[in-house]
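Listed in order, the protein sequences are those of chains A and B.
Per the numbering used here, the very first residue in the first sequence carries number 1; after that it's consecutive.
Per the numbering used here, the very first residue in the second sequence carries number 1; after that it's consecutive.
First the structure, in the form of structure tokens, and then the observations on it.
There are 2 protein chains.
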Amino acid sequence: MQKKTNIPKALKRKYPEQIVLVATKKPDGGANVMAVGWVAIASEDPLMFMLGIDDGAYTYELIKKNKEFVIAFPNENMAREVLFVGTKHGRGRDKIAGSGLRVQPADKVKAPLLADAVANFECKLADIYRPGDCPLIIGQVIAASENAKADLKRLYTVAAGYKMAGVRPLLAGKDL
Amino acid sequence: MQKKTNIPKALKRKYPEQIVLVATKKPDGGANVMAVGWVAIASEDPLMFMLGIDDGAYTYELIKKNKEFVIAFPNENMAREVLFVGTKHGRGRDKIAGSGLRVQPADKVKAPLLADAVANFECKLADIYRPGDCPLIIGQVIAASENAKADLKRLYTVAAGYKMAGVRPLLAGKDL
Numbered sequence: 001m002q003k004k005t006n007i008p009k010a011l012k013r014k015y016p017e018q019i020v021l022v023a024t025k026k027p028d029g030g031a032n033v034m035a036v037g038w039v040a041i042a043s044e045d046p047l048m049f050m051l052g053i054d055d056g057a058y059t060y061e062l063i064k065k066n067k068e069f070v071i072a073f074p075n076e077n078m079a080r081e082v083l084f085v086g087t088k089h090g091r092g093r094d095k096i097a098g099s100g101l102r103v104q105p106a107d108k109v110k111a112p113l114l115a116d117a118v119a120n121f122e123c124k125l126a127d128i129y130r131p132g133d134c135p136l137i138i139g140q141v142i143a144a145s146e147n148a149k150a151d152l153k154r155l156y157t158v159a160a161g162y163k164m165a166g167v168r169p170l171l172a173g174k175d176l
Numbered sequence: 001m002q003k004k005t006n007i008p009k010a011l012k013r014k015y016p017e018q019i020v021l022v023a024t025k026k027p028d029g030g031a032n033v034m035a036v037g038w039v040a041i042a043s044e045d046p047l048m049f050m051l052g053i054d055d056g057a058y059t060y061e062l063i064k065k066n067k068e069f070v071i072a073f074p075n076e077n078m079a080r081e082v083l084f085v086g087t088k089h090g091r092g093r094d095k096i097a098g099s100g101l102r103v104q105p106a107d108k109v110k111a112p113l114l115a116d117a118v119a120n121f122e123c124k125l126a127d128i129y130r131p132g133d134c135p136l137i138i139g140q141v142i143a144a145s146e147n148a149k150a151d152l153k154r155l156y157t158v159a160a161g162y163k164m165a166g167v168r169p170l171l172a173g174k175d176l
């Protein structure tokens with residue numbers, strides 16, 4: 001049975017929650033990376049993703065300027081790197097070097113791919129939409145890549161306070 | 001390293017993916033429930049969720065009519081019920097009775113709560129937005145409830161083909 005509670009307390013029941021990295025090209029030729037948890041598919045054909053990115057984020061400024069970016073699914077061994085880029089500001093800092101993230105050139109955009117991600121989606125900016133207190137970035141996917149390791153799994157936020165880990169399904173049947 | 005691939009193939013690397021139930025009141029006094037995987041937080045204050053719901057879904061028709069609905073996090077033992085409501089149409093069918101889902105009255109909306117969910121979020125319709133091929137429903141949360149069992153966990157889609165299960169984090173540190 002359900003018991004009434006306040007909204008923030010109910011929301012704490014959401015974990016594990018998916019997390020993605022968003023890579024953008026910086027004016028100096030380098031790249032910036034941030035972590036985003038408010039992410040969902042927003043269209044199937046063409047494939048689009050929605051990202052919730054703070055007004056104050058350097059990534060938001062770079063997306064508005066460049067009109068393109070990369071969305072990556074970090075792998076489950078990247079918790080330390082994701083924590084680094086997810087908790088530090090990108091202005092005046094090289095988050096790629098600081099985090100140890102490895103990048104490689106993308107196919108159709110100037111932002112880099114995350115070399116160790118499970119998959120990368122190259123996006124062009126389709127729209128910015130603001131239903132509440134946060135701009136929602138809509139990215140149309142124009143190219144994709146995946147890790148050569150087919151069994152590499154995604155990283156998740158598994159508890160409040162930036163606790164991140166891989167997850168495994170509880171296998172109930174033989175068909176999984 | 002990344003290897004270029006086609007977009008649908010890269011997208012298959014997304015699992016596990018979160019899934020929610022969406023409950024709406026039907027004109028006959030009963031309720032309808034569907035499963036939605038395209039879901040994310042869209043605003044913190046006020047709390048809003050975004051849901052991608054097909055144009056043809058009965059739920060979409062009922063949300064437009066009622067301007068309110070409930071979003072529930074199904075618990076990890078509800079795979080069978082979620083599969084039922086996620087793969088059958090609601091017109092001319094009582095999906096609550098057919099699935100065995102238990103409901104209870106909500107506080108501020110006429111749609112019901114899912115009694116066995118991990119948490120329920122009562123929403124009023126804030127906006128409908130269509131960046132691509134799917135309407136995105138923005139719901140502003142006006143009340144919340146949670147399961148009295150504090151350790152009950154969410155259900156996830158863990159593989160293509162509607163494979164659903166609970167998940168557990170891989171514990172690397174002692175602080176999780």
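Even glycine gets a Cβ: it sits at the ideal position worked out from N, Cα and C.
If you're wondering where the values come from, they're calculated on a predicted model, not measured in any experiment.
Check	Outcome
For A:Ser99, the residue or residues it bridges with in DSSP	Paired residues: none, contrary to the question.
Positions along the region 114 to 134 of chain B whose CB lies within less than 9 Å of some CB in chain A	Leu114, Ala115, Asp116, Ala117, Val118, Ala119, Asn120, Phe121, Ala126, Asp127, Tyr129, Arg130, Pro131, Gly132, Asp133, Cys134
In DSSP terms, what B:Asp127 is bridged to	B:Ile138
Pick from A:Gly166, A:Tyr58, A:Lys95, A:Ala160 that is closest to B:Val158, judged by C-alpha positions	A:Gly166
Range covered by the beta strand (DSSP E) that runs through A:Gly52	48 to 52
Contact list for B:Leu228 against chain A, beta-carbon separation under 7 Å	This structure does not reach residue 228 of chain B, given that chain B is present from 1 up to 176, and the question cannot be answered.
Beta-carbon proximity check, B:Gly30 vs B:Ile19, cutoff 7 Å	no
Contact list for the region 22 to 54 of chain B against chain A, Cβ threshold 9 Å	Gly37, Trp38, Val39, Ala40, Ile41, Ala42, Ser43, Glu44, Asp45, Pro46, Leu47, Met48, Met50, Leu51, Gly52
C-beta neighbour in chain A for B:Glu81, strict 7 Å	no
For A:Tyr58, three-class secondary structure by DSSP	helix
Close-in-space but distant-in-sequence residues of the same chain around B:Ala119 (CB under 8 Å, 5 per side omitted)	Ala72, Phe73, Ala144, Ser145, Glu146, Asn147
Residues sharing a beta bridge with B:Ile71, DSSP	B:Val22, B:Phe121
Reference A:Glu17, options B:Asn6, B:Ala40, B:Arg13, closest by Cα	B:Ala40
Cβ neighbours of A:Phe69 in the same chain (closer than 6 Å, five flanking residues each side left out)	Val22, Thr24, Ile63, Ala111, Cys123
Interface flag, B:Ile7 vs chain A, CB-CB below 7 Å	yes
B:Met48 versus B:Ala10: straight-line alpha-carbon distance, rounded	29 Å
Closer than 8 Å at the beta carbon, the chain B residues around A:Pro74	In chain order: nothing, as chain B lies at least about 11 Å away.
Whole-angstrom C-beta distance between A:Leu155 and A:Ile137, which should lie under 8 Å	Contact doesn't hold; Cβ gap of about 21 Å is too wide.
Interface residues of chain A facing B:Ser145 [CB-CB closer than 8 Å]	Gln2, Lys3, Lys4, Thr5, Ala10
Residue range of the unbroken alpha helix (DSSP H) whose run includes B:Lys4	Element bounds for B:Lys4: not the alpha helix (DSSP H) but the beta strand (DSSP E), 2 to 5.
CB contact below 7 Å: B:Pro169 versus chain A	yes
Contact with chain A by B:Tyr162, beta-carbon distance below 7 Å	no
CB of A:Lys95 within 7 Å of CB of A:Val33, strictly	yes
Start-to-end residues for the alpha helix (DSSP H) that takes in A:Arg91	Here A:Arg91 belongs to no alpha helix (DSSP H), and DSSP marks it neither H nor E.
Cβ pair A:Ala35, A:Gly98 closer than 7 Å	no
Burial state of A:Met50, where buried means 16 or more other Cβ atoms lie within 10 Å	buried
Near-chain A residues of the region 81 to 107 of chain B (beta-carbon distance less than 8 Å), N- to C-terminal order	Gln104, Asp107
7 Å Cβ shell around A:Gly100 - same chain, five flanking residues per side excluded	Glu81
Residue of B:Gly92, B:Lys12, B:Leu114 minimising C-alpha distance to B:Tyr162	B:Lys12
Nearest neighbour of B:Asp133, chosen from A:Arg168, A:Gln140, A:Tyr129 [CA to CA]	A:Gln140
Cβ distance (whole Å) where A:Lys178 is taken to contact B:Asp107 below 8 Å	Given that chain A is displayed from residue 1 to residue 176, the structure contains no residue 178 of chain A and the question cannot be resolved.
Chain B contact for A:Gly139 (CB, 7 Å cutoff)	no
Reference B:Gln2, options A:Gln104, A:Lys153, A:Asp127, closest by Cα	A:Gln104
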